[in-house]
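Before any comments, here is the structure.
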Amino acid sequence: MRAGFVYGEPQDAGQRGGAGRKGLRVTVQDGIGSMQEPRAASREPRAASREPRAASREPGDLRVPVGADARRWRTFGGRRVLVAAARTVTSAVRLLEVLPALFRSDPRVDVVFAFDPTSAFGDGVLGLLHAAGARVMPWSQLSRTACDLVVSASENIDLTGVDCPVLVLPHGVGFHKLVPDARGTGRRLSGVMDDDRAWHAVSHPDQIRQLAEHHPALADRTFLIGDPCHDRLLASRMLRTRYREELGLQDGRKLVLVSSTWGEQSLLGTDPLLPQRLLGELPLDEYRVAAVLHPNIWSAHGTWQIRAVEAAALDAGLLLIPPHRGWQAALLAADVLVGDHGSVTFYGAALGTPLFLAAFGEESVPGTPMTELGRITPRLDPHAPLAAQLERAVAEHDAERITKVANGAFAEPGRSLEQLRSALYELMKLPEPDAAGAPPLHRWPVPETGPGEVTAMWVRTSGAEQAVTVRRWPVAAGGDQDEGEGEAEFGHLSCDEEERDLRQLTNASVITSRVRAGSADAAVQRARRLLDELPGALLACVPAPDGCSVAVLRDGRVVESTTADASLAGAVVYARFRAQRPLAGTVTLRVGRHGVDVTLRE
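First residue of the sequence shown? That's 36 in my numbering, and the numbers climb one at a time after it.
This is how it looks when you write it as structure tokens:
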């Protein structure tokens with residue numbers, strides 16, 4: 036037998052409280068799964084003493100719900116103590132995502148968090164746990180705490196003094212990555228805790244075979260549970276339209292999601308300005324660009340540095356998804372994914388999202404589904420036009436082939452939370468709640484992003500008779516789209532009055548406002564004030580009531596248009612003025628994938 040694992044049903048009613056049911060052990064031998072009765076001795080977790088190891092306490096110790104005199108202060112008389120051990124933001128987020136659904140309405144389990152501060156990526160963990168309302172004990176107290184189970188999504192936690200079972204949850208997709216060894220100079224298999232106290236939750240039987248090859252002693256200490264993140268992604272697909280609306284995509288724009296893992300071989304490690312170039316080439320009214328960065332990037336470099344590196348992209352409208360909330364919703368909303376060898380890319384592939392790889396590190400483990408995904412997925416050419424490549428990715432995407440490879444990492448979709456809960460209660464030697472039912476499968480929350488507003492745009496217009504086509508690009512991304520002007524083709528710089536770069540503001544031909552005036556007369560007065568402040572502008576345009584905008588030209592003429600977007604209204608008036616056409620009448624405004632009739636009144 037090369038590997039063994041148990042999933043789903045409890046082993047026996049006495050050990051797991053399973054109403055008299057017997058569970059089956061699934062074994063893998065020579066690549067063939069078989070069913071057999073469980074070996075009771077091999078699955079026995081260590082028992083934890085219910086008495087405190089030391090009567091004294093140290094400064095900073097928690098006194099409740101754990102501590103030397105915790106019973107004096109408790110309200111809930113828990114029968115088991117579970118310690119959720121966090122070391123990085125990634126591992127903390129995984130714990131916070133799954134544990135609430137597993138222990139809901141069960142006062143028998145006291146869940147206490149502990150923060151191991153030894154990681155290079157520990158910045159932000161305490162803030163995240165405290166924001167969630169978690170009780171966090173100092174790491175030094177763990178060795179003096181009688182606990183029944185430690186659960187962690189980090190394999191590197193320091194287990195000195197811990198004498199209870201430890202369940203290691205994956206913080207990504209399987210064991211597909213080689214990472215630097217925090218306790219040595221070489222590389223190790225990410226996600227694996229080589230310790231005789233450890234049990235590993237895996238998402239596919241192939242991962243047990245992988246453990247049998249790399250860590251034979253661990254292969255028989257596994258639970259096949261599936262993947263809770265993948266299950267919630269599948270269940271949340273029905274909310275794609277709602278997620279897109281929350282990201283400002285209700286107008287039909289396509290969302291390009293850029294995903295980067297951490298390290299020098301990641302997407303941002305090899306090409307940190309790729310988001311900026313995408314924004315510089317993709318028209319604003321046809322695309323939005325969002326970025327998901329691995330939490331280790333945020334912890335290692337900090338928000339300030341990330342925003343400094345991506346400053347031009349952010350000014351150009353980049354939606355930067357925070358590391359603790361929302362990447363799943365952004366992934367579900369995406370039309371095309373530009374990624375690397377990180378887990379977000381893999382989850383996107385499993386959803387069937389059109390995919391391009393902008394990087395793929397050699398740290399990917401050979402023989403895994405991730406490596407196979409890297410072999411068959413098209414690569415983005417950074418030196419070729421990006422817009423055409425993305426359009427081709429969508430048109431030529433072989434969803435069936437890609438998802439078949441990706442799904443090789445996920446077994447029994449839809450049951451992961453139920454099976455993980457069974458594993459936790461088994462290791463704690465506590466019957467599962469009698470009427471628990473299946474744990475709730477909560478929807479993914481919407482991202483908390485900035486507005487992604489662009490205040491300086493290069494605008495190209497074509498046509499000035501019956502129709503005007505408008506295309507816009509963010510100036511901050513470096514995409515000066517001035518390719519020269521032809522007959523009825525004009526380009527101009529348009530800036531909102533709130534544009535921070537004074538060089539752009541003073542050079543703009545069209546000045547606009549996002550703030551609606553209380554009346555048409557008030558709009559005229561504000562537009563004239565803008566022209567007075569910025570003498571280089573040809574016209575200023577301000578939104579007015581009733582879905583209209585008012586443009587005032589440098590020569591004093593006033594033009595009212597039946598569109599509420601002052602930037603688009605200004606573009607139409609500018610195009611008609613440059614073409615020496617009347618500033619009155621009805622024209623068709625074509626922008627992005629839409630067309631609408633606009634009436635001008637001088």
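All residues carry an ideal CB built from backbone N, CA and C; glycine is no exception.
Predicted model, so just to flag it, every value in this text is computed and none were measured.
Beta-carbon proximity list for residue i, same chain, < 6 Å, skipping 5 on both sides
i    : result
D145 : P100, G113 and V116
H206 : T125, S126, R129 and A188
T388 : A369 and L372
R628 : G287
L246 : L253 and A254
R223 : D216
P578 : R551, S584, A599 and A601
T296 : H329, D375 and G377
H477 : none
C576 : T547, S584, A586, A601, A604 and G605
K57  : Because the pLDDT at K57 is just 30, under 50, the model does not fix this residue reliably, and the point stays unresolved.
V133 : P263
Residue from the options whose Cα sits closest to the Cα of residue i
i    : options                   : result
H336 : E321, A347 and G304       : G304
L274 : T388, L367 and A394       : L367
V161 : L177, A181, V128 and F138 : Per the sequence shown, residue 161 should be read as Leu rather than Val. L161 has its Cα closest to that of V128, out of L177, A181, V128 and F138.
Q640 : P617, A167, L177 and F138 : Outside the displayed range of the chain (36 to 637) lies residue 640, so it cannot be described from this structure.
P580 : R551, R564 and L569       : R551
R232 : H376, I546 and D183       : D183
A136 : A604, R109, D416 and P468 : P468
D632 : A599, Y609, A614 and Q615 : A599
R636 : V608, S596 and G571       : S596
D320 : S602, G620, V622 and A614 : S602
V201 : G409, T541 and D229       : D229
E461 : C199, A572 and R170       : C199
A523 : F445, V608 and R107       : V608
L390 : G526, D433, L204 and E248 : D433
A30  : A236, L308 and P358       : Because the chain in this structure spans residues 36 to 637, residue 30 falls outside the shown range and cannot be described.
L282 : L353, P173, L134 and P417 : L353
G159 : L537, P358 and M172       : P358
R506 : G485, E488, G487 and L528 : L528
Residue interval of the beta strand (DSSP E) (run including residue i)
i    : result
F138 : Segment: none, F138 is in no beta strand (DSSP E) and carries neither H nor E.
W339 : That residue, W339, is in no beta strand (DSSP E); its alpha helix (DSSP H) goes P330 to V344.
W234 : A233 to V237
L292 : K289 to S295
F258 : T257 to L259
G374 : V371 to G374
Bounding residues of the alpha helix (DSSP H) (the contiguous stretch that carries residue i)
i    : result
D266 : P263 to S271
A430 : L421 to E431
H249 : P240 to H249
L164 : V160 to A166
G315 : L309 to E316
T380 : S378 to L386
G304 : L302 to T305
V440 : A434 to A441
L408 : P404 to I411
Own chain, CB closer than 7 Å to residue i, minus 5 neighbours either side, in chain order
i    : result
V640 : Residue 640 is absent from the structure shown; the chain starts at 36 and stops at 637.
R85  : For R85, the predicted structure reports a pLDDT of 47, less than 50, and the residue's modelled location is therefore unreliable. A value from the coordinates is still provided. Hits under 7 Å: A181.
I192 : A120, R122 and D151
N442 : A385
L540 : C530, E534 and L569
F395 : D375, H376 and G409
Chain-order list of residues whose beta-carbon lies under 8 Å from that of residue i (same chain, five-residue window excluded)
i    : result
E533 : T490 and R549
E280 : none
F111 : P100, P142 and D145
L421 : R312, L313, E316, L317 and L415
A473 : L452 and E453
S178 : R88, T195, G196 and V197
P401 : none
Residue i - partner residues in DSSP beta bridges
i    : result
I192 : Note: I192 sits in no beta bridge, so no partner.
M172 : A149
K212 : S399
A579 : C583
S187 : A120 and V203
C530 : A491 and I546
P509 : M492
H524 : It should be noted that the sequence gives Glu, not His, for residue 524. For E524, which the question treats as bridged, DSSP gives the partners S497.
T621 : T634
I356 : V327
L224 : L213
Y322 : K289
Residue i: CB within 7 Å of a non-hydrogen atom of the ligand COA
i    : result
D433 : In terms of ligand content, the structure shown is empty, and the ligand COA therefore cannot be addressed.
Within the stretch 456-507, ranges of the beta strand (DSSP E) (whole runs, at least 3 residues):
491-497
To test your reading of the DSSP string, which unbroken beta strand (DSSP E) runs of 3 or more residues are found completely within the stretch 540-606?
If only uninterrupted beta strand (DSSP E) runs of at least 3 residues are considered, those enclosed by the stretch 540-606 are 545-547, 574-579, 583-588 and 593-596.
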